[in-house]
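Numbering (this note's numbering), first residue to last: 30 to 226.
Just below is one structure, and these are the notes that go with it.
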Amino acid sequence: MGVRVRQADGRDRDQVVRILEEAFHDDPVSSWVFPDEEHRRAVHGKFLGVFADVTLEGGRIDLLEDGTATALWLSVPAGAPEEDDTPALMRETADPGNERCELVGRLTGAVHPHDRAHEYLLMIGVSPERQGEGLGEALIRGVLERCDRERTPAYLEASSARSRALYERLGFTFMGRTVDLPDGPPMWPMWREPQGG
Numbered sequence: 030m031g032v033r034v035r036q037a038d039g040r041d042r043d044q045v046v047r048i049l050e051e052a053f054h055d056d057p058v059s060s061w062v063f064p065d066e067e068h069r070r071a072v073h074g075k076f077l078g079v080f081a082d083v084t085l086e087g088g089r090i091d092l093l094e095d096g097t098a099t100a101l102w103l104s105v106p107a108g109a110p111e112e113d114d115t116p117a118l119m120r121e122t123a124d125p126g127n128e129r130c131e132l133v134g135r136l137t138g139a140v141h142p143h144d145r146a147h148e149y150l151l152m153i154g155v156s157p158e159r160q161g162e163g164l165g166e167a168l169i170r171g172v173l174e175r176c177d178r179e180r181t182p183a184y185l186e187a188s189s190a191r192s193r194a195l196y197e198r199l200g201f202t203f204m205g206r207t208v209d210l211p212d213g214p215p216m217w218p219m220w221r222e223p224q225g226g
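Listed below in structure tokens is the structure:
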């Protein structure tokens with residue numbers, strides 16, 4: 030599939046957040062964090078904006094030129110991580126009274142592997158009207174090809190069975206233990222070893 034991808038910058042922040050908001054509105058994890066749909070509409074963009082800001086500051090955001098999909102990547106070094114205040118910032122920014130805003134970040138952070146440097150696909154979103162067309166796969170394939178060339182693994186957490194299946198097609202494997210949100214859906218930590226020669 031021929032798609033044109035460019036690297037986003039601060040001027041694209043609102044567009045990136047809009048794509049993520051639309052893509053994750055009905056996602057099982059977002060629905061668990063914000064069970065009331067009207068409330069989710071009001072605060073979800075603030076919550077997702079934290080991911081965009083963290084990635085704009087220290088990572089890479091790829092954006093389809095037609096504005097229908099985006100992927101947020103962070104390069105994670107090997108070794109014990111520094112204290113991460115992102116989960117607290119997610120709660121403080123989006124919905125201070127909602128502990129689930131912070132808990133989802135703490136639980137995923139607790140299982141994130143740090144023994145090897147890797148590329149972390151923090152989030153990928155495709156506009157709902159374009160889902161199922163292969164845009165997500167096309168969007169991340171360039172980074173995975175670079176991972177293969179540079180012999181760098183990649184990591185992510187799948188938030189739905191549908192996304193897990195996509196990532197498995199791209200060479201990711203489930204690490205064997207789900208992140209279980211209290212009274213909520215599972216998330217699947219997935220690892221991808223570099224492929225090819």
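The C-beta atom is built at its ideal place from N, Cα and C for all residues, glycine as well.
Predicted model only: the values in this text are computed from it and were never measured.
Closest Cα partner of proline 57 within the set Ala190, Gln224, Arg221, Arg35: Here the closest residue by C-alpha is Ala190.
Complete alpha helix (DSSP H) runs within the segment 47-132 (minimum length 4 residues, chain order): 57-62, 66-87, 115-123
The segment 203-215 touching the segment 136-154, judged by at least three CB pairs closer than 8 Å: yes
Local conformation of glutamate 148 per DSSP, three classes: strand
Whole-Å CB distance - leucine 101 paired with alanine 81, under 8 Å assumed: 7 Å
Three-state class that DSSP yields for glycine 154 in the structure shown: strand
From Tyr149, Ala109, Ser156, residue whose alpha carbon lies closest to that of glutamate 222: Tyr149
Reduced DSSP category for leucine 168 - H, G, I as helix; E, B as strand; rest coil: helix
Span separating the alpha-carbon of isoleucine 169 from that of arginine 178: 15 Å
Outcome for alanine 71 when other beta-carbon atoms lying within 10 angstroms are tallied against a minimum of 16: Note on alanine 71: under 16 other CB atoms within 10 angstroms of its CB, so exposed under the neighbour-count rule.
Strand pairing of phenylalanine 11, partner residues [DSSP]: Outside the shown range of the chain, which is 30 to 226, sits residue 11, and nothing can be said about it.
Candidates Thr97, Glu131, Ser59, of which the one nearest aspartate 113 by Cα: Relative to the Cα of aspartate 113, the nearest Cα in the group Thr97, Glu131, Ser59 belongs to Glu131.
Given glycine 213 as reference, the closest of Gly161, Ser59, Gln36, Val32 once Cα atoms are compared: Ser59
Endpoints, the beta strand (DSSP E) within which alanine 187 is located: Start and end: 183-187.
CA-to-CA distance, lysine 75 to glycine 88, given in whole angstroms: 19 Å
Neighbour-count burial assignment, arginine 69, 16 or more Cβ in a 10 Å radius: buried
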